[in-house]
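A.B. asks:
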Amino acid sequence: MSVISLQLGQCGNQIGQLFFDTLTSDLQQREKEGNSKAYQSHCLDRFFVSGDDHKLEARAISVDTEGKVVSNVFDQAKKTGRWCYPSDQQLSGRRGAGNNWADGFYNHGVKCEQEVLDMVQRELEKCDHFGGFCSLMSIGGGTGSGLGTRVTRALKEAYSKSFLINVLVWPHSAGEVIVQNYNAVLSMAHLSESSDALLIFQNDDIRKIAQTSGSSSKVTFDDMNRVVSEQLVASLQRQCPRWIR
C-alpha cells in the first residue's frame, strides 16, 4: 500500500527529507544484517518508486512559498546516492507568507491548490495500490499552517475515501513568532475537520529529547528535525514479523 507524502513549508520539507533519508539508511542496515528482502521491498514500495535509472524516488510532493528550502532538500537527497525526489513534483514561490496564517490560506493556498492536486494525480498514477496521504507541516508559521491547512482540505474533498494523516510540529511555548498561537488555533480548527489523524510533535519536548540524546549541549533545528524523523520512521514503517526476519 503506497503512501504519498506532502512536504509543506520549510519545516515540513526539512523533516520530510530527513524522514526519507532515515528510512533508506535503516533499510540499508537491515539488508546488511540479513533481514528478509520481501520485508525491505514492502517498506520501500510504501514510500518510494523505482525510477528510470533504478534509483529510489520518493513518493513525495514538495511545496513552499520560497524556493531556497525546496532546492536545498532536493540537493541533500541527491548527495546520499540512495534516493532522490521526483524532479517535476515541486512547487515554490518567490515570497513567503510572513508567518501570516491568512496569507498562507487565502493567498498562497488558493494560488497553488490546483497545481498541488495536479501533482498528486501524477504521483497517484505511479501507484499500484494507493492507501492515502501523509502531510508534514508546522503550524506556528504562515506557510505550513495556512497553505498546509488549505491543501489538506482540498485533498480531503478530492480523495475522501483515502486516509489523510497530518504530522504537525507544535510551536515552542515561548517562541519568537508573536502570532504563532493564532496560527496554531486556526490550523487546528480546520485540520480537526479535514484530517483522519493528527500526529503532534511539541517543539519543547523535541528539544528536550535532542538535548538528552545528542553529544552537544547546543541543540539545532536539524537535531530537532532528526528526532521527529526517527519517531516517524518508527511509527510509519511496516512492522517486521519475526517469521520474515
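Using full-length UniProt numbering, the first residue of the sequence shown is number 1, and each one after it goes up by one.
C-beta atoms are modelled at their ideal positions from N, C-alpha and C, and glycine is treated no differently.
1. Let me know the secondary structure DSSP gives R46 once reduced to three states.
2. Assuming L199 contacts V167 under a Cβ cut-off of 8 Å, what Cβ separation, rounded to an integer in Å, is found between them?
3. Which residues does DSSP list as the beta-bridge partners of M137?
4. Have a look at P86 and V49 and give me their C-alpha separation to the nearest angstrom.
5. Evaluate R245 with the Cβ neighbour count: other Cβ atoms within 10 Å of its Cβ, from every protein chain shown; 16 or more gives buried, anything less gives exposed.
6. Taking the C-alpha atoms as reference points, what is the distance between G148 and S213?
7. Ordered along the chain, which non-local residues of its own chain (more than five positions away) have a Cβ less than 6 Å from that of S162?
8. Applying the criterion that 16 or more other CB atoms from any shown protein chain within 10 Å of the CB defines a buried residue, is T22 buried or exposed?
9. Mapping DSSP to helix, strand and coil, what is C127?
10. Under DSSP, the beta strand (DSSP E) around I61 begins and ends at which residues?
11. Could you tell me which uninterrupted alpha helix (DSSP H) segments, each at least 4 residues in length, are contained entirely in the region 179 to 221, listed from first to last along the chain?
12. How long is the line joining the alpha carbons of K126 and L155, rounded to whole angstroms?
13. Would you check if there are 3 or more beta carbon pairs closer than 8 Å linking the region 185 to 205 to the region 134 to 151?
14. Which residue marks the beginning of the beta strand (DSSP E) containing L8, and which one marks its end?
15. State the CB to CB distance for the pair V70 and Q90, rounded to an integer number of angstroms; the pair is presumed to be in contact (CB under 8 Å).
16. Nearest to L164 by alpha carbon, out of K111, W170, L191?
17. If you measure between the beta carbons of H172 and D204, is that distance less than 8 Å?
18. For E176, which of helix, strand or coil comes out of DSSP?
19. Alpha carbon to alpha carbon, how far is G140 from Q10?
20. Residues bridged to R226 by DSSP?
21. Label T152 either buried or exposed according to how many other C-beta atoms from any shown protein chain fall within 10 Å of its C-beta, with 16 as the threshold for buried.
22. Any idea if T220 is buried or exposed, counting beta-carbon neighbours within 10 angstroms, 16 or more meaning buried?
23. Taking the beta strand (DSSP E) that S71 falls in, what are its first and last residues?
24. Please state the DSSP three-state secondary structure of V120.
C.D. replies: Based on what the coordinates show:
1. Along the sequence shown, one-based indexing puts residue 46 at 46. R46: helix per DSSP, three-state reduction.
2. For the purposes of this step, residue 199 is taken as residue 199 along the sequence shown, with counting starting at 1. For the purposes of this step, residue 167 is taken as residue 167 along the sequence shown, with counting starting at 1. 5 Å between Cβ atoms; contact.
3. To locate residue 137, count along the sequence shown from 1; it is residue 137. In DSSP, M137 forms a bridge with L168.
4. Start at 1 with the first residue of the sequence shown, and residue 86 comes out as number 86. Start at 1 with the first residue of the sequence shown, and residue 49 comes out as number 49. Each residue's Cα considered, the two are about 10 Å apart.
5. Here residue 245 is taken as the residue at index 245 of the sequence shown, counted from 1. Residue placement at R245 is flagged as unreliable, the pLDDT there being 45, under the threshold of 50; the coordinate-derived value follows with that caveat. Exposed, because fewer than 16 other Cβ atoms sit within 10 Å of the Cβ of R245.
6. As a first step, residue 148 must be located in the sequence shown, where it is residue number 148. As a first step, residue 213 must be located in the sequence shown, where it is residue number 213. Straight-line Cα distance between these residues: approximately 30 Å.
7. Mapped onto the sequence shown, residue 162 falls at position 162. These residues qualify, in order along the chain: G132.
8. Along the sequence shown, read from residue 1 onward, the residue named residue 22 stands at position 22. T22 comes out buried.
9. By one-based count along the sequence shown, residue 127 stands at place 127. C127: coil per DSSP, three-state reduction.
10. The sequence position of residue 61 within the sequence shown is 61, counting from 1. That run of the beta strand (DSSP E) goes 60 to 64.
11. Whole alpha helix (DSSP H) segments, 4+ residues: 180 to 194, 203 to 213.
12. In the sequence shown, residue 126 corresponds to position 126, counting from 1. In the sequence shown, residue 155 corresponds to position 155, counting from 1. So the two alpha carbons sit approximately 18 Å from each other.
13. Short answer: they touch.
14. Here residue 8 refers to the residue found at position 8 when the sequence shown is read from its first residue. Per DSSP, L8 belongs to the beta strand (DSSP E) from 2 to 8.
15. Within the sequence shown, residue 70 is the residue found at index 70, counting from 1. Within the sequence shown, residue 90 is the residue found at index 90, counting from 1. Right, the Cβ-Cβ distance comes to about 5 Å (below 8 Å), so this counts as a contact.
16. Here residue 164 corresponds to residue number 164 of the sequence shown, with the count starting at 1. Comparing Cα-Cα distances from L164 to each of K111, W170, L191, the minimum goes to L191.
17. Taking the sequence shown and counting its residues from 1, the one referred to as residue 172 is at position 172. Taking the sequence shown and counting its residues from 1, the one referred to as residue 204 is at position 204. Yes, the pair counts as a contact, with Cβ atoms nearer than the cut-off.
18. As a first step, residue 176 is located in the sequence shown; it is residue number 176 there, counting from the start. Three-state DSSP puts E176 in coil, outside helix and strand.
19. Within the sequence shown, residue 140 is the residue found at index 140, counting from 1. Within the sequence shown, residue 10 is the residue found at index 10, counting from 1. The C-alpha of G140 lies about 11 Å from the C-alpha of Q10.
20. Against the sequence shown, residue 226 aligns to sequence position 226. DSSP, once it has assigned bridges, lists no residue as partnering R226.
21. For the purposes of this step, residue 152 is identified with residue 152 of the sequence shown, where counting begins at 1. Buried: at least 16 other Cβ atoms inside 10 Å.
22. In the sequence shown, residue 220 corresponds to position 220, counting from 1. Exposed, by the Cβ-count rule.
23. By 1-based counting over the sequence shown, the position of residue 71 is 71. For S71, no beta strand (DSSP E) encloses it; the enclosing alpha helix (DSSP H) starts and ends at 67 to 80.
24. By one-based count along the sequence shown, residue 120 stands at place 120. The answer is helix: DSSP assigns V120 an H, G or I state.
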